[in-house]
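Converting from the sequence shown to the numbering used here requires adding 3 to each position, the first position being numbered 1.
Where is the CB? At the ideal position from N, CA and C, for every residue including glycine.
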Amino acid sequence: MLDTIATVASNTEIAPGYKLLTLNFNQAIHARAGQFAMLKAHDAFEPLLRRALAIYQVGGATQLSFLYQVMGRGTQALALLKPGGRVDALIPLGNGWAEFFDNQSAEKNPSSLAPIERAIVVAGGIGSASVLMWCEELRQKNIATQIFFGAASARVAQGCGLADFRALNMPLTLTTDDGSLGERGFVTAPLERFLRDGGNQQAAIYTCGPWVMMKRVAEIAEPFKLPCFASLEAPMGCGFGVCVGCVVAMKDADPKSYGAYKRVCTDGSIFPAERIQWEVAAMTH
Ligand SMILES: Cc1cc2nc3c(=O)[nH]c(=O)nc-3n(C[C@H](O)[C@H](O)[C@H](O)COP(=O)(O)OP(=O)(O)OC[C@H]3O[C@@H](n4cnc5c(N)ncnc54)[C@H](O)[C@@H]3O)c2cc1C
Ligand code: FES
């Protein structure tokens, strides 16, 4: 983990309310798909705390990009940055998707698999930022991959990197809540159809998006006995395990002990979906 100051190479609007921030680092960053960074505009007095953003693209050993939705104070301060601007960065953080791909970590993560034959990636909204590099990696591994990409509208889909996902030339099913692009409705509907139509064979599901979407993805995966892994979004204070502001409730632990909770920043951000107490955690997310 590196605590450093990066320099803005570019900060481009992808769609209204969505930007792509490309940062240059003064040393190589060994980032894995699904990892994230804690970022803050260096010269902004406020907010005090860095914000978690997934590593979206790697442009070389010392250049990384982040796709973000301009929402509250932290991302608004990032959105004002111009090339040459400075960003406080804690990077790289979290476990990454590959931890749940093969049996290398089977002991640590019992849900890990012997090499899978098919991957299903479900991205909802800006959760897409966490899975673009993983889709690329799955392609490099020659794993047949079906992408389900859901967004509220055509504008949001564009802001969440739809063009980059389409450029992968992998099978992609697109939904928008308002029907302005792709199939109308939630992304979980075509996912369920796909699994019922036989897409469940020797597959694993990787998902990142709104809490309710991931909860539904986990419910859909369960009767098919499919391994399902979710990258969780939790409010983060520190990003390195000390503030305990990011904990989520887990199923497989003594509910009275601290062990019933896991820190999203250091124990995750990716967890086997079957371990998450979706209902309990939903109250705080
Ligand atoms: C591991 C991880 C990876 C993440 N990766 C990404 C990523 O790649 N890209 C990305 O965009 N986000 C990502 N997030 C989410 C991002 O870190 C949070 O949304 C963060 O709180 C944004 O900071 P902020 O200061 O802009 O908003 P905050 O001020 O922290 O706002 C926090 C909450 O307030 C609400 N809120 C604030 N302003 C508004 C508004 N104008 N309208 C509606 N609701 C509002 C939202 O519900 C939001 O969740 C990630 C989170 C985690 C934990
Ligand atoms: S953000 Fe501080 S412990 Fe996870």
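Candidates the options: which alpha carbon is nearest residue i's?
i	options	result
Gly-201	Arg-121, Lys-218 and Glu-139	Arg-121
Gly-99	Phe-48, Pro-50 and Ala-57	Ala-57
Ile-150	Phe-274, Gln-161, Leu-171 and Val-159	Leu-171
Ser-272	Thr-7, Gly-130, Ala-12 and Asp-181	Gly-130
Lys-144	Phe-227, Ala-132, Ile-119 and Arg-54	Ile-119
Val-61	Thr-78, His-33 and His-45	His-33
Leu-51	Pro-275, Gly-240, Met-74 and Gly-182	Gly-240
Ala-36	Met-253, Gly-182, Ala-132 and Cys-268	Ala-132
Gly-127	Phe-197, Asp-181, Glu-186 and Met-216	Met-216
Tyr-209	Cys-138, Gly-242 and Tyr-264	Cys-138
Gly-63	Thr-25, Asp-46 and Glu-16	Thr-25
Gly-162	Arg-169, Phe-48 and Glu-16	Glu-16
Asp-167	Val-90, Pro-226, Leu-70 and Val-250	Leu-70
Gln-66	Ala-237, Ala-44, Lys-254 and Ala-92	Ala-92
Arg-76	Glu-49, Thr-7 and Ala-55	Glu-49
Tyr-59	Leu-165, Thr-7 and Ile-223	Leu-165
Asp-180	Glu-277, Ala-154, Phe-197 and Arg-169	Ala-154
Met-74	Val-90, Ser-68 and Ala-55	Ala-55
For residue i, count neighbouring C-beta atoms within 10 Å of its own C-beta (all shown protein chains included) and say buried if the count is 16 or more, exposed if not.
i	result
Asn-29	exposed
Glu-140	buried
Lys-85	exposed
Met-136	buried
Leu-83	exposed
Lys-22	buried
Arg-53	buried
Ala-237	buried
Ile-8	exposed
Would you kindly work out how many angstroms separate the C-alpha atoms of residue i and residue j, rounded to a whole number?
i	j	result
Ser-156	Gly-188	10 Å
Pro-95	Met-4	6 Å
Ala-80	Arg-199	45 Å
Asn-106	Ile-146	At Asn-106 the pLDDT is 49, less than 50, meaning the model places this residue with poor confidence; the figure from the coordinates comes in the next sentence. Spanning the two alpha carbons is a distance of roughly 16 Å.
Ser-108	Cys-231	The predicted model places Ser-108 with a pLDDT of 47, which falls under 50 and marks its position as unreliable, so this point remains unresolved.
Gly-88	Leu-42	13 Å
Leu-177	Gly-212	14 Å
Tyr-104	Ser-234	It is worth fixing the name first, because residue 104 is Phe in this sequence and not Tyr. Looking at the two C-alpha atoms, the distance is approximately 14 Å.
Val-220	Thr-191	6 Å
Lys-218	Leu-194	13 Å
Glu-282	Pro-174	32 Å
Glu-102	Phe-274	10 Å
Pro-250	Lys-265	It is Val, not Pro, that sits at residue 250 in the sequence shown. Going from the Cα of Val-250 to the Cα of Lys-265 covers about 5 Å.
Arg-142	Thr-148	7 Å
Ala-252	Thr-10	37 Å
Ala-47	Asp-270	30 Å
Trp-214	His-45	30 Å
Lys-228	Glu-277	10 Å
Can you find a CB in chain D that lies within less than 7 Å of the CB of residue i?
i	result
Phe-104	In the structure shown, chain D cannot be found, because there is only a single protein chain.
Per the contact definition of three or more C-beta pairs closer than 8 Å, is the segment 185-205 in contact with the segment 236-250? no
Could you name each continuous alpha helix (DSSP H) segment of 4 residues or more that falls completely within the segment 28-57, going from the start of the chain to the end? none
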